[in-house]
Structure formats: C-alpha cells, structure tokens
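Reviewing the structure listed below.
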Amino acid sequence: AGMIDVGSGVQKVVLTNLKPGTRYYYCVVSKEVKTLLAYKVVYGDSIRSKIYTFATPSSGMQKFSFLAFNDIHNRPQFTEQVVKRESGFNFVVLNGDIIDNINKESDITDYLLKPFSASFATEIPFFFVRGNHETRGEGARSLYKYIDTPTGNFYYSFTYGNTHFVMLDCGEDKPDNNQYYFGLADYDQYRSQEAIWLAKEVQTPEYKQAAFRVICLHMPITLKNYENSAGGGMKDCSQKFVPILNKAGADLILCGHTHTYAVMRPNKGVTNIPIIVGGGPFTDKTGEKTTYTVVEVNQNLLTATLKKANGEVIDKVEVKSPARR
2 AGMIDVGSGV
12 QKVVLTNLKP
22 GTRYYYCVVS
32 KEVKTLLAYK
42 VVYGDSIRSK
52 IYTFATPSSG
62 MQKFSFLAFN
72 DIHNRPQFTE
82 QVVKRESGFN
92 FVVLNGDIID
102 NINKESDITD
112 YLLKPFSASF
122 ATEIPFFFVR
132 GNHETRGEGA
142 RSLYKYIDTP
152 TGNFYYSFTY
162 GNTHFVMLDC
172 GEDKPDNNQY
182 YFGLADYDQY
192 RSQEAIWLAK
202 EVQTPEYKQA
212 AFRVICLHMP
222 ITLKNYENSA
232 GGGMKDCSQK
242 FVPILNKAGA
252 DLILCGHTHT
262 YAVMRPNKGV
272 TNIPIIVGGG
282 PFTDKTGEKT
292 TYTVVEVNQN
302 LLTATLKKAN
312 GEVIDKVEVK
322 SPARR
C-alpha cells in the first residue's frame, strides 16, 4: 500500500517482467531501522550478501532436469553430496516432511531455508510441497509467510519448459477427529476444495497442451482397498484426487511419506499413472532407505530415476510424450 516494509520480520520481494532464457544477478541488502516515528527515522548499519546469479527457463525448453527429495525430517546433510554429484539440474522439488515438526517459527529457517540456501537455493530454485509433519506445531501456521506460490495456497501449478507441474497438498495423514489433533484439524473440507481446484486445473490449456504432466504430492495415492484401514488423509486424497487424474491423464506421480521406497507401475482403474515413492532418512541408520529422484526431460522422453543416497540406481521409469490435443 505504498509503504516500504519495516519491522515485518519476513519480507518477500517479487520480481516482475523477467525475460525467458535470461541470466540475472542479484544481492540482498538489509538496513537496520533504530527509530521509526512520524517525523523522525534513525537508520543503523546495513548488511549485504554477496552477488548471486540465477537463470530463467526458456519458453518451451525441451531439455532440463530436477531433483526430488522427501521425508528428510530435519536431516538434510546427505543432500549436500547429492547436489554436488548431480550438478547441472535446473531446480529441486522438496516433496514434504522436510521439517520434522514446526514447533517454533525458527524451525522453518533452521531446517528448510538455511541448509538448502547453503547448498543450492541462492541460485537454483526449489518448489515446496507440504507434508503432514509440516502441519504440526505452533510454527506450522507461519509457514505461509516463508513459502510463496502462484495460488497463495500449498496446492498450485506451474509450467517449466514443455512440462506442466501440479503440486498437491495432502494435509494430515490421520482422520480429522484423531485425538492428537485436539479438534484443530479440518482437512477433509480443505481437500474437497482442493479437488474442485484440481478438476479445473486439468482442463486448462497449460495442462492439456504440455508435452509431459508431473504430479507432486507427499502421500501416495491409489484406489486400492481401504476397507481394513483407518482411513485418514491418504484415503481421502486418493478418493478425491485419483479419479480426476485417471481421467485427465498424467505421466508421473512423485511422492513419499511411507519412508519405504517403491516404484508402482500403472494399474488401470486403480492408478493409471506410474508412481515413484521416495524413502527417507527418518529411521535409516544404514543408508539403504534414504533416496532421491532424478527426473530428466529430453524432448519427447521423460526419465525418472530413483537412487539411493550414495547414487546407486534402484529403478527408473521412462515415459514417451504422447500427442496432446
């Protein structure tokens, strides 16, 4: 509303009119304001970052790659070696439960912003997907201040080159009336609203005309038999999202949550889309369960490779781009 932010804590700077396929350079400057009165302002010192650089994607680019991590649970150390080993990627997807719980607001900076900025995020962007653990704790209600999306919600979409991405938010994994939510959960209604948005999203030209369509969400979704399960978020997401995606078609689903990696091939009428479930270091003492995914788009071929933390290949999914309407 015409005022420069002072004392707001978290500041978001929006860059407009950026040109595709262009390299930009920037630094960040913060100035202390010691006194702020109607007719008197006293400034203190300023601090300045070094100069960083980033590149915008070219319109319709057909060759790029990205990394996907999930279920890190405050243990991001292994990602530093992955980023060095898999250099050349264009962005990162942080696919939920990156933070264990957000009991205080500083957990967001300590376990999300600081470690990833130190390894790549000052110059290579990440796209954030909220996991169920990132809904827990007092600080979870401040996460909106630190994560910006095109919709202002934790579910959103974007196009990168020839590929369209849909980032979904699963909310919590247990029924809303679970005792440990203490009457503060209303995710069933939230996911119903999200499903309405998703049904409209898959009808957009950006979705329909993309060479590839990638869906990212924290919990695996499939129309398997839930009769003997307690239900909750995974069941609700599956029942509300899968019929829409099965009908609309997509090329890959990336998720996590189970802490046990898996590659699920398309199963017509259940989930028609290949699913990669990433593992995580939450209970992993040997390094056998911790994984990451490398996704490479090369013109008409998408290759998603699930790897162990040491780079060993577990499995891969290859999808050729069909003709789009």
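Under the working numbering, think of the first position of the sequence shown as 2, with each following residue one higher.
The beta-carbon is built from N, C-alpha and C at its ideal position, and this holds for glycine as well.
Task: Three-state secondary structure assigned by DSSP to residue 50 - done: In the sequence shown, residue 50 corresponds to position 49, counting from 1. Coil at residue 50, not helix or strand.
TODO: Could you tell me the distance, in whole angstroms, from the CA atom of residue 200 to the CA atom of residue 192?
DONE: Against the sequence shown, residue 200 aligns to sequence position 199. Against the sequence shown, residue 192 aligns to sequence position 191. Approximately 12 Å, taken between the alpha carbons.
Open item on the list: Strictly by DSSP, which residues pair up with residue 24?
Closed with: Numbered from 1 along the sequence shown, position 23 holds the residue referred to as residue 24. According to DSSP, which records beta bridges pairwise, residue 24 is partnered with 56.
- [ ] Spell out the partners DSSP gives residue 256 in its beta bridges.
- [x] Taking the sequence shown and counting its residues from 1, the one referred to as residue 256 is at position 255. According to DSSP, residue 256 bridges with 278.
TODO: With DSSP as the reference, please indicate the residues paired to residue 214 in a beta bridge.
DONE: In the sequence shown, counting from the first residue as 1, residue 214 sits at position 213. 165.
- [ ] Please name the residue, chosen from 112, 243 and 13, that lies closest to residue 153 on a Cα-to-Cα basis.
- [x] Walking along the sequence shown from the start, residue 153 turns up at place 152. Nearest C-alpha to residue 153: 13.
TODO: Quickly, what does DSSP pair residue 127 with across the bridge? List them, please.
DONE: Within the sequence shown, numbered from 1, the residue matching residue 127 stands at position 126. Answer by DSSP bridge pairing, in chain order: 93.
Task: Between the CA atoms of residue 60 and residue 163 - distance to the nearest angstrom - done: Indexing the sequence shown from 1 puts residue 163 at position 162. Indexing the sequence shown from 1 puts residue 60 at position 59. Going by the C-alpha atoms only, they are around 8 Å apart.
Open item on the list: Closer than 8 Å is the cut-off here; do at least three beta carbon pairs connect the stretch 133–145 with the stretch 170–182?
Closed with: yes
Task: Residues bridged to residue 268 [DSSP beta-bridge criterion] - done: Sequence index remark: in the sequence shown, residue 268 carries index 267 (1-based). 272.
Task: Nearest-angstrom beta carbon gap, residue 254 and residue 216 [assumed within contact, 8 Å] - done: The residue given as residue 216 occupies position 215 in the sequence shown. The residue given as residue 254 occupies position 253 in the sequence shown. Contact holds; Cβ gap of about 5 Å.
Open item on the list: According to DSSP, is residue 288 part of a helix, a strand, or is it coil?
Closed with: By 1-based counting over the sequence shown, the position of residue 288 is 287. Three-state result, residue 288: coil.
Task: Beta-carbon spacing of residue 327, residue 68 below 8 Å - done: Within the shown structure, residues of the chain are numbered from 2 to 326, placing residue 327 beyond reach of any answer.
Task: Proximity to residue 94 [Cα-Cα], best of 84, 102 and 103 - done: One-based indexing of the sequence shown puts residue 94 at position 93. If we check each option's Cα against that of residue 94, 84 comes out closest.
Task: Limits of the unbroken alpha helix (DSSP H) element including residue 37 - done: Counting from 1 along the sequence shown, the entry for residue 37 is found at position 36. Unbroken run through residue 37 is the beta strand (DSSP E), 30–37; no alpha helix (DSSP H).
Task: For residue 212, the nearest candidate out of 122, 202, 92 and 321 (CA to CA) - done: Taking the first residue of the sequence shown as 1, we reach residue 212 at position 211. Comparing Cα-Cα distances from residue 212 to each of 122, 202, 92 and 321, the minimum goes to 321.
Open item on the list: Considering only their Cβ atoms, is the gap separating residue 224 from residue 243 smaller than 8 Å?
Closed with: Mapped onto the sequence shown, residue 243 falls at position 242. Mapped onto the sequence shown, residue 224 falls at position 223. Contact flag set, yes.
Open item on the list: On a Cα-Cα basis, can you pick out the residue from 247, 214 and 151 that is closest to residue 296?
Closed with: Numbered from 1 along the sequence shown, position 295 holds the residue referred to as residue 296. Ranking the options by Cα distance to residue 296, first place goes to 214.
TODO: Could you round the C-beta distance between residue 73 and residue 281 to whole angstroms and report it? I think they count as a contact, below 8 Å.
DONE: Sequence index remark: in the sequence shown, residue 73 carries index 72 (1-based). Sequence index remark: in the sequence shown, residue 281 carries index 280 (1-based). At roughly 6 Å, the Cβ-Cβ gap stays under 8 Å, so residue 73 and residue 281 are in contact.
TODO: Could you check the C-alpha separation between residue 229 and residue 188 for me, to the nearest Å?
DONE: Here residue 229 refers to the residue found at position 228 of the sequence shown. Here residue 188 refers to the residue found at position 187 of the sequence shown. Annotation note: pLDDT 47 at residue 229 (below 50); position unreliable, no value reported.
Task: DSSP state of residue 1 mapped onto helix, strand, coil - done: There is simply no residue 1 to check, as the chain begins at 2 and stops at 326 in what is shown.
Open item on the list: Looking at the strands, I want to know which residues DSSP matches up with residue 19.
Closed with: Taking the sequence shown and counting its residues from 1, the one referred to as residue 19 is at position 18. DSSP lists no partner for residue 19.
TODO: Sort 86, 124 and 140 by Cα distance to residue 102 and report the nearest one.
DONE: The residue given as residue 102 occupies position 101 in the sequence shown. When only C-alpha atoms are compared, the closest one is 140.
TODO: Determine the contact status of residue 125 and residue 92, defining contact as a CB-CB distance below 8 Å.
DONE: The residue you call residue 125 lines up with position 124 of the sequence shown. The residue you call residue 92 lines up with position 91 of the sequence shown. Yes. Within cutoff.
Open item on the list: According to DSSP, is residue 80 part of a helix, a strand, or is it coil?
Closed with: Here residue 80 is taken as the residue at index 79 of the sequence shown, counted from 1. Residue state, collapsed to three classes: helix.
Task: Nonlocal neighbours in the same chain, by C-beta distance under 8 Å from residue 309, ignoring five residues either side - done: As a first step, residue 309 is located in the sequence shown; it is residue number 308 there, counting from the start. Closer than 8 Å at the Cβ level, and outside the excluded window around residue 309, lie 288, 289, 291, 292 and 315.
Task: Top-ranked residue by Cα proximity to residue 71, from 219, 286 and 232 - done: The residue labelled residue 71 in the question sits at position 70 within the sequence shown. Closest option to residue 71, Cα to Cα, is 219.
- [ ] With DSSP as the reference, label residue 222 as helix, strand or coil.
- [x] Stepping through the sequence shown from its first residue, residue 222 is reached at position 221. Here residue 222 sits in coil by DSSP.
TODO: Return the Cβ separation of residue 168 and residue 157 in integer angstroms, given the expectation that the two are a contact with Cβ distance under 8 Å.
DONE: Here residue 168 is taken as the residue at index 167 of the sequence shown, counted from 1. Here residue 157 is taken as the residue at index 156 of the sequence shown, counted from 1. Their Cβ separation, rounded to whole angstroms, is 5 Å, which keeps residue 168 and residue 157 in contact under 8 Å.
Task: Spatially closest choice to residue 29 from 47, 43 and 63, by CA coordinates - done: For the purposes of this step, residue 29 is taken as residue 28 along the sequence shown, with counting starting at 1. Among 47, 43 and 63, the Cα nearest to that of residue 29 is on 47.
- [ ] Return the first residue and the last residue of the alpha helix (DSSP H) that residue 246 is part of.
- [x] On the sequence shown, position 245 is the one that residue 246 refers to. Counting along the chain, the alpha helix (DSSP H) containing residue 246 begins and ends at 234–249.
Task: Bounding residues of the alpha helix (DSSP H) (the contiguous stretch that carries residue 199) - done: By 1-based counting over the sequence shown, the position of residue 199 is 198. First-last of the alpha helix (DSSP H) with residue 199: 188–202.
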